[in-house]
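To start, the structure under review is shown below, and the notes come after it.
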Amino acid sequence: WYLGGAMDVIRHRTRDALLPHDLSHGRGVLSLSASGIWEVISDSDIHADELMLFQCLKKWVDEYDGADCGGTTLRGAVAAAPQKRKHDEMADDRLSVAQALSSKIDLTKIPPSALKNIVSPSGLIGKEDLASAFEAQALRAENHGFSFSRVRSTSEPKGKVVVKGAGVQEVNGEYVPRGRIDGVTKYVKISFWKGREEAFSLFRFASIDGSRTWYISIVPRNFEPGSDDDRDFYFFQCQYDFPFGRDWKAKEEGVDPAPICVWEPDNEWS
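First residue of the sequence shown: 147, per the working numbering; consecutive thereafter.
See below:
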């Protein structure tokens with residue numbers, strides 16, 4: 147039999163109708179036949195999410211008590227069962243129906259934690275289908291900007307960068323770790339420039355095209371490095387996580403010769 151007018155109630159009050167707190171409020175999903183549960187799970191107008199529908203299906207199988215619910219067979223899916231079939235055989239029929247119906251549930255719209263803790267242990271969903279759901283969720287998260295890449299350690303290196311040989315004397319000196327930008331350490335030196343104390347920053351900046359460049363600049367206070375307001379002295383185009391090398395070139399504020407940068411560890415690391 148099919149649900150007819152009762153389906154309107156189920157559509158708009160799914161939890162109350164099918165997952166009541168106790169039997170004093172009715173048997174809920176347990177009262178449905180195979181054709182009834184099929185109609186519910188297949189319905190595209192139901193006001194329930196995929197996890198709730200899965201919980202209905204799981205309860206329909208797990209808590210079956212052998213009570214007559216108007217027939218437990220599914221036309222075209224499970225053969226008709228005799229009225230006095232044994233309880234375990236009827237339960238097996240329900241499991242077969244539920245496993246067939248699980249294809250109607252969009253697993254990718256169930257939270258990963260629920261897939262792991264509720265769906266997977268149920269035995270209603272195959273391992274391949276679960277793996278496909280997890281894969282789709284991971285790709286969707288990545289497409290929406292979630293980064294799975296993480297450095298193993300974010301602790302600052304114990305040492306300093308020494309800038310030598312720059313035509314602008316104020317640029318030369320020791321730069322110490324001070325925060326991070328573009329996923330790598332930024333280095334800072336406090337010095338005077340044109341009679342004013344400034345923070346000289348040595349940092350890597352990622353361009354829109356994906357290329358990366360190290361800069362030695364004065365970054366205005368309360369600004370992030372890489373803005374048009376930076377006063378750039380020297381730059382070094384490279385993808386490396388450290389700015390060491392001799393390929394530095396002068397920018398607007400810079401004067402040749404360009405500097406070189408070397409790493410000096412703290413004494414305890416020497």
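C-beta atoms are modelled at their ideal positions from N, C-alpha and C, and glycine is treated no differently.
Everything numeric in this text was worked out from a predicted model, so none of it was measured.
Around the Cβ of residue 285, a 10 Å sphere holds fewer than 16 other Cβ atoms; the residue is exposed. The region 247 to 255 makes contact with the region 274 to 281; the number of CB pairs closer than 8 angstroms reaches 3 or more. Residue pairing of residue 346 in beta bridges, as defined by DSSP: 335, 364. Just so you know, the alpha carbons of residue 200 and residue 292 end up roughly 27 angstroms apart. Three or more beta-carbon pairs separated by less than 8 angstroms are not found between the region 357 to 372 and the region 262 to 274, which leaves the two stretches without contact.
Rounded to the nearest angstrom, the gap between the Cα atoms of residue 243 and residue 290 is 36 angstroms.
According to DSSP, residue pairing for residue 244 in a beta bridge does not occur.
If you draw a straight line from the Cα of residue 239 to the Cα of residue 164, it comes to about 20 angstroms.
Annotation: residue 185 to residue 192 spans about 10 angstroms, alpha carbon to alpha carbon. Around the CB of residue 169, fewer than 16 other CB atoms lie within 10 Å, so the residue is classed as exposed. In this structure, residue 405 lies near residue 310, with their beta-carbon atoms less than 8 angstroms apart. Annotated as proximal: residue 332 and residue 349, with beta-carbon spacing under 8 angstroms. Inclusion of residue 396 and residue 402 in the CB contact set at 8 angstroms is warranted, their separation being smaller than that value. For residue 204, the number of other beta carbons within 10 angstroms of its own is at least 16, and it is reported as buried. Boundaries for residue 340: no beta strand (DSSP E) harbours it, and the DSSP string shows neither H nor E there. When the Cα atoms are used, residue 183 and residue 294 turn out to be separated by approximately 39 angstroms. Shown here for residue 337: same chain residues with a beta carbon closer than 7 angstroms to its own, the five before and five after excluded, namely 316, 319, 344, 346 in chain order. Secondary structure of residue 258 (DSSP, three-state): helix. Taking residue 177 as reference, the option from 210, 352, 197, 194 with the minimal CA-CA separation is 210.
At the C-beta level, residue 409 and residue 384 stay beyond 8 angstroms of one another.
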